[in-house]
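Residue numbering for the sequence shown is -23 to -1, 1 to 161, as defined by mature numbering (1 follows the signal peptide of the UniProt record, and there is no 0).
Each residue gets a CB set at the ideal place from its N, CA and C atoms; glycine is no exception.
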Amino acid sequence: MSFKQQLLLVPAATVLTVAPSFSAEYLTLQQAQQAAFPAADSFVSTELTLTKDQKKQIKKASGVRQRWDVQKVWRAEKAGEFLGWFIVDDVVGKHEFITYGAALTPDGAVKSIDIMIYQESYGGQVREEDWQKNFDGKTSDSRLKLGDDIPNIAGATLSCRNVTDGVKRLLAIHDLFLTSDRTS
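Below, the structure written as structure tokens:
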């Protein structure tokens, strides 16, 4: 192979080189639901299909855009008694989606959040329980400001910000569309 032919291979090799991807499923839907509501004996799907106007209401209430037309929501119950809501959401980390579950009490306070699937190769510190516990008890009236009541993690700023914004948006969804008198 001549030197010129070898030089032609360099751009081809460069194009074919792809950065390694990283993806890990830490909790299945059922595992996340049971971790959030261990006493629950059923999770009833209450999928929300949102109109453009409803998505605008969410943006106005939370300051965060609702990207999806459908929000996956389950009512956690034990022997027919309503225990709270379990909501699965996706937010973008830096480049890839972070799938997390948020458990809300019947009155709309965060009971817990859990990272279910994390696809980024960095910023995974948002999976740490100590960081996630900062959301416990927060409501739509809470400030939910990164670096203030929700600590930022160096090296995971985008993941921290986007999960925080996602939780803020889910709390607005609760207040607007999931109050017990509207869904029971």
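- Annotated as distal: residue 56 and residue 30, with beta-carbon spacing of 9 Å or more.
- The criterion of a C-beta distance shorter than 9 Å is not satisfied by residue 115 and residue 40.
- Residue 3 and residue 98 have their C-alpha atoms roughly 14 Å apart.
- In the three-state scheme derived from DSSP, where H, G and I count as helix and E and B as strand, residue 142 is classed as helix.
- DSSP, read as helix, strand or coil, puts residue 78 in strand.
- Taking a cut-off of 8 Å on C-beta distances, the stretch 119 to 130 does not touch the stretch 21 to 29, as fewer than three cross pairs fall below it.
- In this structure, residue 136 sits away from residue 94, with a CB-CB distance that is not shorter than 9 Å.
- At a Cβ-Cβ threshold of 9 Å, residue 13 and residue 80 count as neighbours.
- Distances from the CA of residue 50 to each of 37, 7, 109 were compared; the closest alpha carbon is that of 7.
- Counting the other Cβ atoms within 10 Å of the Cβ of residue 108 gives 16 or more, which makes it buried.
- For residue 92, the uninterrupted beta strand (DSSP E) run begins and ends at 87 to 95, by DSSP.
- Bridge pairing for residue 22: 51 [DSSP].
- Look at residue 45 here: in three-state DSSP terms it is coil, with no helix or strand label.
- With a contact defined as Cβ atoms closer than 8 Å, residue 139 and residue 78 miss out at about 15 Å.
- Sixteen is the threshold: since fewer than 16 other Cβ atoms of the shown chains lie within 10 Å of the Cβ of residue 124, the residue is exposed.
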